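Asker:
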Amino acid sequence: MNNFEFKNPTKIIFGKDTIAKLAKEIPTDAKVLVLYGGGSIKKNGIYEQVQSALKDIDYVEFGGIPANPEYTVLLEALQVIKNENISYLLAVGGGSVIDGTKFLSAAALFEGDTPWDILSNRKPTLKGMPFGTVLTLPATGSEMNSGAVITRAETKEKLGMGGAGLFPQFSILDPQVIKSIPKRQLVNGITDAFTHVLEQYMTYPAGALLQDRFAESIMQTLIEVAPKILKDPTDYEAASNFMWSCTMALNGLIQKGVPTDWAVHAMGHELTALYGIDHARTLAIIAPSHYQYNFDTKKEKLAQYAERIWNITEGSLEDKAYDAIERTEQFFNQMGIDTKLSKYTENFDGTAEVISKRFTERGWVGLGEHQSLKPEDVEHIVQMAY
70 MNNFEFKNPT KIIFGKDTIA KLAKEIPTDA KVLVLYGGGS IKKNGIYEQV QSALKDIDYV
130 EFGGIPANPE YTVLLEALQV IKNENISYLL AVGGGSVIDG TKFLSAAALF EGDTPWDILS
190 NRKPTLKGMP FGTVLTLPAT GSEMNSGAVI TRAETKEKLG MGGAGLFPQF SILDPQVIKS
250 IPKRQLVNGI TDAFTHVLEQ YMTYPAGALL QDRFAESIMQ TLIEVAPKIL KDPTDYEAAS
310 NFMWSCTMAL NGLIQKGVPT DWAVHAMGHE LTALYGIDHA RTLAIIAPSH YQYNFDTKKE
370 KLAQYAERIW NITEGSLEDK AYDAIERTEQ FFNQMGIDTK LSKYTENFDG TAEVISKRFT
430 ERGWVGLGEH QSLKPEDVEH IVQMAY
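Next up, the structure:
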């Protein structure tokens, strides 16, 4: 097991009717900006719950943060922060709203030339404006980590950011919100969380026995509850396990002491930036091809995953590893997710070359757990995903 340090300062408030506890977590003298997305919270009762909880708090609102938090929209919110002398942020939404809030947390105190430099320079944010979250869509784990991904439509870019200053001070997780989430978004959430675990697990053996089993337990839970959630989103027990699994998949715990990959996300972000494909679905497109292309360096963990997650016990190590890739793709397909780029766009020719060129231009020296994947490898992997 590798050396590591672990600190997660986010307070989690989990369970039924916990949105009512919101005001207790915000300083009484704060001027709050409440941020949300397309307005679904005004249809499912969450907005009214937040309003009620904040009745004695001074706040203003900013809605309309899109599914991939868009830089130009966030700049409008940043202007509100400055004009209204905002001192505290509250994200009411899923990963996109929370990611956008993290960007605003950093941008509100940023002293550089342009807020986009926060992303393009890839420097960690050590201090941001304080914020909390009310989670409405389990998927990204953004409610308990310090990372974010922001989209810039004019340049068709999607870049990540993060740093110790971007942990939420608190996050409220009420599994009852799941009952109003459309099936497509539930499927995306399951796929996103499952792939988050794979990015931290599907590398090479590092002697981190407990970490492996933490990761495996999350994947096993997601597989178990997926059909229950999709059949009946009002199943509170299944919803609770789904929500907590999504949070645990990316709160920093399972990546400690082990190598991590994240190449699937790096390539997937480009597909979203170029074609607007749902984030989770880009991961399902890239992951099988990525594991096939890097089979020799990942086959030991693939075989372990085959045995422990999919109960594949017959055949050689290589046979098990190949079967594991196939079963993973089947899992995505069974939930209704296509795993080939050609199913999402007719204009996919040349995509691999464009993405490879972008990595070259950004000076990325290598992706994957060994940092060995060059732009030309990325090109091959994306081509395999056509």
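Under our numbering, think of the first position of the sequence shown as 70, with each following residue one higher. Backbone N, C-alpha and C define an ideal beta-carbon position, used for all residues, glycine too. Keep in mind the model is a prediction, meaning the values are calculated, not measured.
Going by DSSP, which residues form a beta bridge with Glu130?
Answerer: Here the question's residue 130 lines up with position 61 in the sequence shown. Glu130 pairs with Val103.
Asker: Would the region 414 to 432 count as touching the region 350 to 370 if we require 3 or more Cβ pairs under 8 Å?
Answerer: These segments do not touch.
Asker: What's the call for His338, buried or exposed, on a 16-neighbour Cβ count within 10 Å?
Answerer: Along the sequence shown, read from residue 1 onward, the residue named residue 338 stands at position 269. Buried, since its Cβ has 16 or more Cβ neighbours within 10 Å.
Asker: For Ser240, write down the residues that DSSP places opposite it in a beta bridge.
Answerer: Looking up residue 240 in the sequence shown gives position 171. Answer by DSSP bridge pairing, in chain order: Ile81, Thr202.
Asker: Check the DSSP bridge columns for Pro218 and list the partner residues they point to.
Answerer: The residue labelled residue 218 in the question sits at position 149 within the sequence shown. According to the sequence displayed, residue 218 carries Val and not Pro. Partner(s): Gly229.
Asker: Between the Cα of Asn137 and the Cα atoms of Val451, Arg221, Gly432, Thr408, which residue gives the shortest distance?
Answerer: One-based indexing of the sequence shown puts residue 137 at position 68. Asn137 has its Cα closest to that of Arg221, out of Val451, Arg221, Gly432, Thr408.
Asker: If you draw a straight line from the alpha carbon of Gln289 to that of Phe311, how long is it in whole angstroms?
Answerer: Translated into the one-based positions of the sequence shown, residue 289 becomes position 220. Translated into the one-based positions of the sequence shown, residue 311 becomes position 242. If I take the Cα positions, the gap works out to 11 Å.
Asker: For Leu442, write down the residues that DSSP places opposite it in a beta bridge.
Answerer: Start at 1 with the first residue of the sequence shown, and residue 442 comes out as number 373. Answer by DSSP bridge pairing, in chain order: Leu436.
Asker: Leu291 lies in the alpha helix (DSSP H); which residues open and close that run?
Answerer: Reading the sequence shown from its first residue, position 222 is the one you call residue 291. Start and end: 278 to 300.
Asker: Alpha carbon to alpha carbon, how far is Phe73 from Ala390?
Answerer: The residue labelled residue 73 in the question sits at position 4 within the sequence shown. The residue labelled residue 390 in the question sits at position 321 within the sequence shown. Distance between the alpha carbons of Phe73 and Ala390 is about 29 Å.
Asker: Return helix, strand or coil for Glu63, following the three-state DSSP convention.
Answerer: The chain is shown only over 70 to 455; residue 63 falls outside these bounds and no answer can be derived.
Asker: Looking at Thr264 and Gly231, is the spacing between their C-beta atoms short of 9 Å?
Answerer: As a first step, residue 231 is located in the sequence shown; it is residue number 162 there, counting from the start. As a first step, residue 264 is located in the sequence shown; it is residue number 195 there, counting from the start. No.
Asker: Taking 8 Å as the cut-off, is the beta-carbon of Lys297 closer than that to any non-hydrogen atom of the ligand GDP?
Answerer: Looking for the ligand GDP in the displayed structure turns up nothing, as the structure carries no ligands at all.
Asker: Which first and last residues belong to the alpha helix (DSSP H) in which Tyr391 is found?
Answerer: Position 322 of the sequence shown holds residue 391. 386 to 403 is the extent of the alpha helix (DSSP H) around Tyr391.
Asker: How many whole angstroms separate the CB atoms of Met70 and Ala275, which I take to be in contact at a CB cut-off of 8 Å?
Answerer: The residue labelled residue 70 in the question sits at position 1 within the sequence shown. The residue labelled residue 275 in the question sits at position 206 within the sequence shown. Right, their Cβ atoms sit about 6 Å apart.
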